[in-house]
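full-length UniProt numbering puts the sequence shown at residues 1 to 309.
Ideal placement from N, C-alpha and C gives every residue a C-beta, glycine not left out.
Just so we're clear, the structure is a prediction, and the values are computed from it rather than from any experiment.
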Amino acid sequence: MSLLRHLAPALLVVMWSSGFVGATFAAPVAPATTTLLWRYVVAALLMVVIVLALGRRYGPRYLRREAVLGALGQAGYLYGVFRAVEEGLPAGTAALLASLQPPLVAVVLSASGRGNGGGRRQAVGLAVGFAGVALAVGPDVAAGAGAAGALWAVLGMLSLSAATVLGDLWPAPTEAEKHDVLDSLAVQGVVALGIFAALAFASGDAGPPADPTFWLAIAWLVGLAFLGGYGMYLYVLRTRGPVAVSTWLYLTPAVSAAWAWAMFGQDLPLLTVAGFVVSLAGVLLTRPGRRSPDETRPEVPEVSVRSGP
1 MSLLRHLAPA LLVVMWSSGF VGATFAAPVA PATTTLLWRY VVAALLMVVI
51 VLALGRRYGP RYLRREAVLG ALGQAGYLYG VFRAVEEGLP AGTAALLASL
101 QPPLVAVVLS ASGRGNGGGR RQAVGLAVGF AGVALAVGPD VAAGAGAAGA
151 LWAVLGMLSL SAATVLGDLW PAPTEAEKHD VLDSLAVQGV VALGIFAALA
201 FASGDAGPPA DPTFWLAIAW LVGLAFLGGY GMYLYVLRTR GPVAVSTWLY
251 LTPAVSAAWA WAMFGQDLPL LTVAGFVVSL AGVLLTRPGR RSPDETRPEV
301 PEVSVRSGP
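Here is the structure:
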């Protein structure tokens, strides 16, 4: 378990980044709502079978809390990201915009008294992070090529940020101590499925395409992004806390851009690389100082899902 704790942040970065690649993979063959619907048909069915086989049971307070967090952290976040990619925003740029979450969460939690101090430093970090994003996406937005996509990515980021902050401020019910990452994935997967089903049927996009590329993208999104990405997100969240898990997500843009360059031949402009560097400098400013051993977050279940691709 100690080895997993040390490897989990790196696994989180790689798996979370895969979601942006999966969105790019599916975009040419299906609308965002179609891809998200079938991603969660497969993922939710898998999770429901597992929790039923294990005999898991949930009370109304637990279900209510997880439903709200899932609607924000999974449905809201992913819809924004997938729509951004559908609008033509490169995977690396979408990841960069989404990664504004860490300093935003740090500042909000600090203002609420739940952070680790350093409010002024964190505010400066947030400003530097925004400067990096402007540097990276400015040319595309100015040309009108990425304005709509950038807006969707920002909306998705705000939804994930809201889930992260709310999960920290909203006390978990006592029964949450009996549940783990598996339970959160199951409950929130079902909630996200309901939301995406409503969107897909309302838009007439529920039917999956016959293209085998679509199902390859679904397998990618379920195996790597849902089970791997959200699973690692929850694990790091429970063992290291909300600001720490959010900060690790700041490393996903470079990894997402590298994925996209290797798999799709997407350009990696110098301004985008510079934006990555400036944004990373911003998040480093938000990182709390080293805590004493008695202040370290214990490995106890404080189960609340936010997010991810």
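inquiry  = Please report the distance separating the alpha-carbon of threonine 35 from that of threonine 93.
reply    = 20 angstroms
ask   = Is DSSP giving glycine 55 helix, strand or coil here?
value = coil
key: 9 angstroms Cβ cutoff met for glutamine 188 and leucine 7   = no
Nearest candidate by alpha-carbon position, reference leucine 4, set Tyr235, Leu268, Asp180 = Tyr235
request  = Name the residue from Thr33, Pro60, Val13 whose alpha carbon lies nearest to the alpha carbon of alanine 176.
outcome  = Pro60
ask   = Considering only C-alpha positions, which residue in the set Ala98, Arg64, Thr247 is nearest to tyrosine 77?
value = Ala98
query = How about leucine 160 and arginine 56: do their beta carbons lie closer than 9 angstroms?
reply = no
ask   = Is leucine 54 buried or exposed, if buried means 16 or more other CB atoms sit within 10 Å of its CB?
value = exposed
query = threonine 174: buried (16+ other C-beta within 10 angstroms of its C-beta) or exposed?
reply = exposed
message = Using the three-state DSSP reduction, which class does aspartate 168 fall into: helix, strand or coil?
response = helix
ask   = Among Ala123, Ala150, Val124, which residue has its Cα nearest to the Cα of alanine 136?
value = Ala150
key: Cβ pair arginine 39, phenylalanine 196 closer than 9 angstroms   = yes
Coil, strand or helix - residue 329 by DSSP = Since the first residue shown for the chain is 1 and the last is 309, residue 329 is missing from the structure and cannot be characterised.
task = Consult DSSP for glutamine 266 and reduce its assignment to one of helix, strand or coil.
result = coil
task = Give the straight-line distance between the Cα atoms of leucine 237 and glycine 231, rounded to the nearest whole angstrom.
result = 10 angstroms
task = Below 8 angstroms CB to CB, which residues in the same chain sit around phenylalanine 201 once its five sequence neighbours on both sides are set aside?
result = none
ask   = So, is the C-beta of alanine 176 closer than 9 angstroms to a C-beta in chain C?
value = Judged by its chain identifiers, the structure shown contains no chain C, having just a single protein chain.
ask   = Should the stretch 121-129 be called in touch with the stretch 251-266, which here means at least 3 C-beta pairs below 8 angstroms?
value = no
inquiry  = Using 9 angstroms as the threshold, is the C-beta distance between proline 209 and alanine 30 below it?
reply    = yes
message = Looking at valine 277: is its Cβ nearer than 9 angstroms to the Cβ of glycine 80?
response = no
message = Quick check: what's the CA-CA separation for proline 269 versus alanine 32?
response = 26 angstroms
task = Would you mind giving the Cβ-Cβ distance between leucine 221 and glycine 19, rounded to the nearest angstrom? I have them listed as a contact below 8 angstroms.
result = 7 angstroms
ask   = Hey, how far is the Cα of alanine 244 from the Cα of leucine 89?
value = 27 angstroms
ask   = How about proline 253 and leucine 109: are their beta carbons less than 9 angstroms apart?
value = no
query = How would you label residue 311, buried or exposed, when you count the other beta carbons within 10 angstroms and need 16 or more for buried?
reply = Residue 311 lies beyond the range of the chain shown here (1 to 309); nothing can be said about it.
inquiry  = Quick check on DSSP: helix, strand or coil for proline 212?
reply    = helix
query = Given that a residue counts as buried once 16 or more other Cβ atoms are within 10 Å of its Cβ, and exposed if not, what is aspartate 168?
reply = buried
request  = Return yes when the Cβ of valine 190 is within less than 9 angstroms of the Cβ of valine 48, no when it is not.
outcome  = yes
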